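Enquirer: Reading the sequence shown from the start, the letters are residues 4 to 226 in our numbering.
Don't be surprised by glycine CBs; every beta carbon is placed ideally from N, CA and C.
Note that the structure is predicted; figures quoted are calculated from it, not measured.
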Amino acid sequence: MRLLTSAFRACSLSGFAKLLVLCLATSGSCVSAAQAECAKIRPTKPGEVYFMRGLANIFSLGLDAFAKEISSAGIENCVFNHTHWQAVVNDVVERGYKNEVSEPVIIVGHSLGANIAPLMASRIGSHGIKVYYVAMMDPVEPTRVGKNVQQIENYYLPKAKDTLLRPTGEFDGDLRNINLKQWRQGFDHFNIDEKKSLRSIIKKRILELVENTMQEGAASPNN
């Protein structure tokens, strides 16, 4: 399988199931399957979707259900704790040099994972790999996003502390801060990742990007 071939090392499993155990190359430590779960599917569509959980994998479990929906659509994806984002970036960049990244690259994060999402996207983008879409679910800090990120949406709940997303001088994509309190749907920090009304919007955008990529591939003279 294409996805995360070096960030997630084999510990005892085979095939794509190896990705259920994360062995960080930098530390040699293995992280439990609860922290890194990748779709055990044979993808039928292009794309790589990365779901980043928040604190200690206690919360953000709605992302696991979301990932299963994306798996059912035939798209490769991984769910992992936000603390492992750099290993994932390293893998994407390494595969980018080999032309092995399956576009569109998409990132979805909740809470602390939402904090890291624009940083992860910017880091990938700084290596010349486009990140097509980033969806942030209620970050807890203000964040900034850089170049090579096509679209990023910050779905936030107003707090005493600023949690808005802002562009750097290099950003030239589409950026939106969306106040979920105005939706009046009972969102809070701990259920936002479980709300199907929001997930359906993000999922629709993911599927649109995948479909666009498939159509562009079909229209390519090399096919």
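1) What would DSSP say about Asp196, mapped onto helix, strand or coil?
2) In angstroms, rounded to a whole number, what distance separates the CA positions of Ile181 and Arg169?
3) Helix, strand or coil, according to DSSP, for His87 in the structure here?
4) Let me make sure I understand the geometry here. Which of Gly172, Glu144, Glu156 and Cys81 has the alpha-carbon closest to that of Lys164?
5) Can you check which of these residues, Val111, Phe62 and Gln185, is closest to Asn80 by C-alpha distance?
6) Report the rounded CA-to-CA distance for Glu173 versus Gly149, giving the unit in angstroms.
7) Starting from Arg169, follow its DSSP beta bridges and name the residues at the other end.
8) Taking a contact to mean a Cβ-Cβ separation below 7 angstroms, would you say His113 touches Ser63 in this structure?
9) Would you kindly work out how many angstroms separate the C-alpha atoms of Val213 and Lys48, rounded to a whole number?
10) Going straight from the alpha carbon of Val95 to that of Arg45, what length do you get?
11) Got a sec? Which residues, its chain only, sit under 8 angstroms from Glu219 by beta carbon, not counting five neighbours each side?
12) Who are the Cβ neighbours of Gly128 in its own chain at under 7 angstroms, not counting the five residues just before and after it?
13) Does the Cβ-Cβ distance between Ala117 and Pro142 come in under 7 angstroms?
14) Restricting to Cα atoms, I'd like to know which of Val92, Lys162, Ala120 and Ile204 is closest to Lys184.
15) Please state whether DSSP places Arg187 in a helix, a strand or coil.
16) Is it buried or exposed, Gly61, if we count other Cβ atoms within 10 angstroms and call 16 or more buried?
17) Taking 8 angstroms as the limit between beta carbons, can you name the residues of its chain near Ile132, skipping five residues before and five after?
18) Going along the chain, which residues of its own chain have a beta-carbon closer than 6 angstroms to the beta-carbon of Arg147, five neighbours each way excluded?
19) Rounding to the nearest angstrom, what Cα-Cα distance links Lys206 and Val137 in this structure?
Expert: Straight from the coordinates:
1) One-based indexing of the sequence shown puts residue 196 at position 193. In the structure shown, Asp196 sits in a helix (DSSP, three-state: H, G or I).
2) For the purposes of this step, residue 181 is taken as residue 178 along the sequence shown, with counting starting at 1. For the purposes of this step, residue 169 is taken as residue 166 along the sequence shown, with counting starting at 1. Spanning the two alpha carbons is a distance of roughly 12 angstroms.
3) The residue given as residue 87 occupies position 84 in the sequence shown. Here His87 sits in helix by DSSP.
4) Against the sequence shown, residue 164 aligns to sequence position 161. Among Gly172, Glu144, Glu156 and Cys81, the Cα nearest to that of Lys164 belongs to Glu144.
5) The residue you call residue 80 lines up with position 77 of the sequence shown. With distances taken between Cα atoms, Asn80 lies closest to Val111.
6) For the purposes of this step, residue 173 is taken as residue 170 along the sequence shown, with counting starting at 1. For the purposes of this step, residue 149 is taken as residue 146 along the sequence shown, with counting starting at 1. About 5 angstroms.
7) In the sequence shown, residue 169 corresponds to position 166, counting from 1. Arg169 pairs with Arg147.
8) Working through the sequence shown from its first residue, we reach residue 113 at position 110. Working through the sequence shown from its first residue, we reach residue 63 at position 60. Taking a C-beta distance under 7 angstroms as the contact criterion, His113 and Ser63 qualify as a contact pair.
9) Translated into the one-based positions of the sequence shown, residue 213 becomes position 210. Translated into the one-based positions of the sequence shown, residue 48 becomes position 45. Using only the alpha carbons, I get a separation of about 7 angstroms.
10) On the sequence shown, position 92 is the one that residue 95 refers to. On the sequence shown, position 42 is the one that residue 45 refers to. So the alpha carbons of these two residues sit roughly 19 angstroms apart.
11) Numbered from its first residue, the sequence shown carries residue 219 at position 216. Excluding its 5 nearest sequence neighbours in each direction, Glu219 has no C-beta neighbour in its own chain below 8 angstroms.
12) Translated into positions along the sequence shown, residue 128 becomes position 125. Cβ within range, chain order: Val134, Gly149, Lys150, Asn151 and Val152.
13) Mapped onto the sequence shown, residue 117 falls at position 114. Mapped onto the sequence shown, residue 142 falls at position 139. In this structure, Pro142 lies closer than 7 angstroms to Ala117 by Cβ.
14) Taking the first residue of the sequence shown as 1, we reach residue 184 at position 181. Residue nearest to Lys184 within the set Val92, Lys162, Ala120 and Ile204 is Lys162 (criterion: CA-CA distance).
15) In the sequence shown, the residue the question calls residue 187 occupies position 184. Coil, per DSSP.
16) Within the sequence shown, numbered from 1, the residue matching residue 61 stands at position 58. With the sequence shown as reference, residue 61 is identified as Ile, and Gly is not the correct amino acid for it. Under this definition Ile61 is an exposed residue.
17) The sequence position of residue 132 within the sequence shown is 129, counting from 1. Setting aside the 5 residues that flank it on each side, Ile132 is surrounded in the same chain by Val95, Val96, Gly99, Val104, Val108 and Asn151, each with a C-beta closer than 8 angstroms to its C-beta; the list follows chain order.
18) Counting from one through the sequence shown, the residue named residue 147 turns up at place 144. Around Arg147: Arg169 and Thr171.
19) The residue you call residue 206 lines up with position 203 of the sequence shown. The residue you call residue 137 lines up with position 134 of the sequence shown. In this model, Lys206 and Val137 are separated by some 12 angstroms (Cα to Cα).
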